[in-house]
Amino acid sequence: MTILELNGIAKHFSTRGGVVRAVDGVSFRLARGETLALVGESGCGKSTTARLALRLIEPSAGTLHFDGADITKAPAKTLRAMRRRAQIVFQDPYASLNPRHSIAETLEEPLLVHGIGDAASRRARVAELLSLVGLSPFHAERFPHEFSGGQRQRIGIARALAAGPDLVVCDEPVSALDVSIQAQVVNLLKDLQARFGLAYLFIAHDLAVVRHMADRVAVMYLGRIVEQADKRSLFAAPSHPYTRALLAAIPRPDPAGRGRLSPPPGDPPSPINPPAGCPFHPRCGFAEARCATDVPPLRAIAPGHVVACHLAESLPPQPAAVDDRPSENAMRRIALSASRMAAKAM
Ligand code: SF4
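Here this note's numbering is used: the first residue of the sequence shown is -11, the next is one more, and so on.
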């Protein structure tokens, strides 16, 4: 059952230099209990899309549905009710916490805003939330500066869970953390999803994390989705040259020293003045004449797999970027060893 649906959502900003098409006609559906990852280089529009999905910013065009209801132009009262069920975890766990508020005050705030419970039940809920994210009730009276980055992100996750959401938008939730801590937080998010049936819109540029976390992946380039598929199809048979370049750029352990293949060549063009035709054509090694004039439509090449490339079916095969299972096992091993180290340090 669909919890979130975006249809042709766009966000254009007027600047002195012209109109910035930050998001330009993005459509997708997210089911309950599912994780859809939005990936792409910095500036591709994925974080703006995340904010549009929660209507934290107003769309310039398109429609937005949450749990079947059209919230594109919903009034503040409807949005407040929706936001109880749709929360966000930010990239920077320190900047997203008020340094003057104790953790108890931080976690109680969403309950107060949404009128949930009395003082005693809110205190109990704070203790429960801390334990859900692997912290202790005695942490409630401490302040953000007394915690490590990983602990602060756990607090950010606890705050997102406070009001019992159905959907959590995770905006680069681990990219500011050390690798060993990333694995712990990613595994925590997966455990919480299994326990509460949460849907995640997971914004990331690290495809190794996405491979571990996502059910489906949408690749964004210059404000548009250029490929969308279930995780296994996308990693096994990427069909857009940009997706291929992103996958080839994943660092991999390689004794021969070939840890990283070619990243996407060049820089993304300006969203104020995007190239004609396929927006990727100035960087694409497969481009032909029509790519510079004809915009490739997003079209299905297999069930559940869409791609915006004229040549998707005729590209030479590319070996799978990396095998899926070792990566997931590696994440578990890293998390386990980090937990043991943390236990020894206590
Ligand atoms: Fe490359 Fe042409 Fe495909 Fe665009 S449409 S990704 S330029 S091959």
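Glycine included, C-beta positions come from ideal geometry on N, C-alpha and C.
Residue -5 - partner residues in DSSP beta bridges: Locating residue -5 in the sequence shown gives position 7, where the first residue counts as 1. 51.
For residue 0, which of 260, 298, 65 and 290 has the nearest alpha-carbon? Residue mapping note: residue 0 aligns to position 12 of the sequence shown, counting from 1. If we check each option's Cα against that of residue 0, 260 comes out closest.
With which residues is residue 24 paired in a DSSP beta bridge? One-based indexing of the sequence shown puts residue 24 at position 36. DSSP lists 189 and 204 as partners of residue 24.
For residue 32, three-class secondary structure by DSSP: Locating residue 32 in the sequence shown gives position 44, where the first residue counts as 1. Note: residue 32 maps to coil in three-state DSSP.
Element boundaries [alpha helix (DSSP H), containing residue 116]: Stepping through the sequence shown from its first residue, residue 116 is reached at position 128. That run of the alpha helix (DSSP H) goes 107 to 120.
Give me the Cβ distance between residue 284 and residue 9, rounded to the nearest whole Å; I'm assuming they're in contact under 8 Å. Position 296 of the sequence shown, counted from the start, is the residue given in the question as residue 284. Position 21 of the sequence shown, counted from the start, is the residue given in the question as residue 9. Actually they do not touch by this definition, with Cβ atoms about 17 Å apart.
When the distance is taken between beta carbons, is residue 38 closer than 7 Å to residue 213? Looking up residue 213 in the sequence shown gives position 225. Looking up residue 38 in the sequence shown gives position 50. Their beta carbons are not under 7 Å apart, which means residue 213 does not touch residue 38 by this criterion.
Measuring alpha carbon to alpha carbon, tell me which residue in 167, 177 and 171 is nearest residue 144. As a position in the sequence shown, residue 144 is number 156, starting the count at 1. Comparing Cα positions, the closest option is 177.
According to DSSP, is residue 57 part of a helix, a strand, or is it coil? Locating residue 57 in the sequence shown gives position 69, counting from the first residue. In this structure, residue 57 counts as strand in the three-state DSSP scheme.
Please give me, in chain order, every unbroken run of the alpha helix (DSSP H) with length at least 4 that falls completely inside the segment 206 to 236. 219 to 224 and 229 to 236
For residue 347, which of 219, 218, 220 and 254 has the nearest alpha-carbon? There is no way to answer for residue 347, as the model of the chain reaches only from -11 to 334.
Would a C-beta distance cut-off of 7 Å place residue 128 and residue 92 closer than the cut-off? Counted from its first residue, the sequence shown places residue 128 at position 140. Counted from its first residue, the sequence shown places residue 92 at position 104. Closer than 7 Å, so yes.
Where the alpha helix (DSSP H) through residue 137 begins and ends: Position 149 of the sequence shown, counting from 1, holds the residue named residue 137. 137 to 149 is the span of the alpha helix (DSSP H), which, as asked, contains residue 137.
When burial is assigned at 16 or more other CB atoms within 10 Å of the CB, is residue 123 buried or exposed? Numbered from 1 along the sequence shown, position 135 holds the residue referred to as residue 123. With 16 or more other Cβ atoms within 10 Å, it is buried.
Per DSSP, what kind of secondary structure is residue -11 in: helix, strand or coil? As a first step, residue -11 must be located in the sequence shown, where it is residue number 1. Looking at residue -11 - three-state DSSP - the assignment turns out to be coil, as it is neither helix nor strand.
Within 5 Å of the ligand SF4: residues by beta-carbon to any heavy atom: 229, 266, 268, 269, 272, 274, 275, 279, 284, 297, 298 and 299
What residues are listed by DSSP as bridge partners for residue 287? Numbered from its first residue, the sequence shown carries residue 287 at position 299. Residue 287 is bridged to 295.
From 96, 72 and 47, residue whose alpha carbon lies closest to that of residue 61: Here the question's residue 61 lines up with position 73 in the sequence shown. The option with the nearest alpha carbon to residue 61 is 47.
Taking the alpha-carbon positions, what's the residue 326 to residue 138 distance? Along the sequence shown, read from residue 1 onward, the residue named residue 326 stands at position 338. Along the sequence shown, read from residue 1 onward, the residue named residue 138 stands at position 150. Below a pLDDT of 50, predicted positions are generally treated as unreliable, and residue 326, at 41, falls in that range; no measurement from the model is reported.
Decide if residue 7 is buried, meaning its Cβ has at least 16 other Cβ atoms within 10 Å, or exposed. Counting from one through the sequence shown, the residue named residue 7 turns up at place 19. Exposed, since its Cβ has fewer than 16 Cβ neighbours within 10 Å.
Straight-line CA distance for residue 41 to residue 111? In the sequence shown, residue 41 corresponds to position 53, counting from 1. In the sequence shown, residue 111 corresponds to position 123, counting from 1. Near 31 Å, if we compare the C-alpha coordinates of residue 111 and residue 41.
Residue 159 lies in the alpha helix (DSSP H); which residues open and close that run? Sequence index remark: in the sequence shown, residue 159 carries index 171 (1-based). Taken as a continuous stretch (DSSP letters only), residue 159 belongs to no alpha helix (DSSP H), being part of the beta strand (DSSP E) at 155 to 159.
When the Cα of residue 68 is compared with those of 78, 99, 224 and 85, which residue comes out closest? As a working note, residue 68 is residue 80 in the sequence shown. Of the listed residues, the one whose Cα sits closest to residue 68 is 99.
For residue 21, which residues from the same chain have a beta carbon less than 8 Å from its beta carbon, with the 5 sequence-adjacent residues on both sides left out? For the purposes of this step, residue 21 is identified with residue 33 of the sequence shown, where counting begins at 1. Excluding residues within five positions, the ones whose Cβ falls inside 8 Å are 181, 185, 186 and 187.
With DSSP collapsed to three states, give me the class of residue 9. Numbered from 1 along the sequence shown, position 21 holds the residue referred to as residue 9. Of the three classes helix, strand and coil, the one that applies to residue 9 here is strand, per DSSP.
Count Cβ pairs between the segment 189 to 207 and the segment 150 to 165 that sit closer than 8 Å; are there 3 or more? yes
Between residue 220 and residue 24, how many whole angstroms is the CB-CB distance? I'm expecting something under 8 Å. What you label residue 220 is simply residue 232 of the sequence shown in a count that begins at 1. What you label residue 24 is simply residue 36 of the sequence shown in a count that begins at 1. Their Cβ separation, rounded to whole angstroms, is 14 Å, which puts residue 220 and residue 24 out of contact at 8 Å.
Would you mind sorting residue 117 into buried or exposed? The rule is 16 or more other CB atoms within 10 Å of its CB. Counted from its first residue, the sequence shown places residue 117 at position 129. Classification of residue 117: buried, given that the 10 Å Cβ count is 16 or more.
Coarse secondary structure for residue 1, derived from DSSP in three states: Translated into positions along the sequence shown, residue 1 becomes position 13. Residue 1 falls in the strand class under three-state DSSP.
DSSP state of residue 86 mapped onto helix, strand, coil: Counting from 1 along the sequence shown, the entry for residue 86 is found at position 98. Residue state, collapsed to three classes: coil.
Classification of residue 58 by the beta-carbon crowding that lies within 10 angstroms, buried from 16 upward: Locating residue 58 in the sequence shown gives position 70, where the first residue counts as 1. Result: exposed.
Could you give the first and the last residue of the continuous beta strand (DSSP E) run that contains residue 77? Translated into the one-based positions of the sequence shown, residue 77 becomes position 89. Counting along the chain, the beta strand (DSSP E) containing residue 77 begins and ends at 74 to 77.
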